[in-house]
Each structure stands twice: as C-alpha cells, then as structure tokens.
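Scroll down for the structure; my scribbles are underneath it.
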Amino acid sequence: MRGRLLTAVVRGIGAVRIFVLAAVACALTVLAMIAAETAGGWIALWFLTGIAIAAIFTLPEAWVGQLAPEGSHGRPFALSALMARVALVLAPLTPQILAIEGPGLFILSASSAVAAREAIHSTMRLPRSSRGNT
Numbered sequence: 012m013r014g015r016l017l018t019a020v021v022r023g024i025g026a027v028r029i030f031v032l033a034a035v036a037c038a039l040t041v042l043a044m045i046a047a048e049t050a051g052g053w054i055a056l057w058f059l060t061g062i063a064i065a066a067i068f069t070l071p072e073a074w075v076g077q078l079a080p081e082g083s084h085g086r087p088f089a090l091s092a093l094m095a096r097v098a099l100v101l102a103p104l105t106p107q108i109l110a111i112e113g114p115g116l117f118i119l120s121a122s123s124a125v126a127a128r129e130a131i132h133s134t135m136r137l138p139r140s141s142r143g144n145t
C-alpha cells in the first residue's frame, strides 16, 4: 500500500521535485533539532529526517533507471553509484582539504553538483525533461 502511494505521488509531482522537497525537509528537520528541547521532539524530528533521507537515497536511483536507454541500465547505475560513494568519502574531507569555510564551501558544493549533473547528461546522452518531472 505505501509503495503504491509513493509511486503515485512521484508520478504526479515528479521525482526531481520530490527529491528537492526531501532535501529541503532533511535540512529543515536537522536545523530544528538544534532547537528541540525535549527528547520526544528530537526523536520525532529524527524520524522525519530518516524519511527524507530514505527518499534522497532511493529517488535518484529510480530517476536514473527511468532515463537510461532501454537495455543499457548498467552504465548509468554504475556511474551513479560510483559518484555517490566518492561524494560520501570526500564530503567530510572537503573543508580540510580546501581550507574553505562558511558560504564559500556551500557555493563550491552547489556548483560542483551542477557541474556533475551536466557531465552526466553529456556523457550518458540522457534526455532532458522539459518540465523536470521525470
């Protein structure tokens, strides 16, 4: 039942929009944890963060699967998994390696994500969505 509901929501709103919503929800719940004064409030926020993280980790895989040409899902999935693992390893080290703090680190991270997206689109020749719904 839950899987069907999520599938209907993703088809109606779009995987990219749901991913952005999940990322924003994750950031807001983590920020709200700072202000949580009770254990119950903190646990509720932790639960909501977990839901958002689950969407963040599963939606890109589904999106890549939808965009990959028929019969060649292996290469896009491998590239997606490789980039996710490299980001997981390098993300905590980035401030120390580059000696950047504050908004400069955010700007560098955001521009790197956009550059990686463009590289994937050009390398894999994936179709671009006109509405961002796929």
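What the sequence shown shows, in the working numbering, is residues 12 to 145, in sequence order. Heads up, the beta-carbon is just placed ideally off N, CA and C, and yes, glycines get one too.
Excluding the 5 residues flanking it on each side, PHE88 has same chain C-beta neighbours closer than 8 Å at GLU72, VAL75, GLY76, ALA79, in chain order.
In the three-state reduction of the DSSP assignment, SER83 falls in the coil class. At least 7 Å separates the beta-carbon of ALA19 from that of ALA63.
Taking a 10 Å sphere around the C-beta of VAL100, we find fewer than 16 other C-beta atoms and assign the residue as exposed.
Taking C-beta atoms under 8 Å as the contact rule, CYS37 and THR60 qualify, at a distance of about 6 Å. Between LEU56 and ALA65, the CB-CB gap reaches or exceeds 7 Å. A direct Cα-to-Cα measurement between GLY52 and VAL35 gives close to 19 Å. Cβ-Cβ distances below 7 Å link VAL41 to THR60 in the same chain, with the five nearest sequence neighbours on each side left out; the list follows chain order. Residue burial is scored here from C-beta neighbours: ALA127 has fewer than 16 other C-beta atoms within 10 angstroms and is therefore classed as exposed. DSSP places GLY61 inside the alpha helix (DSSP H), whose first and last residues are 50-78.
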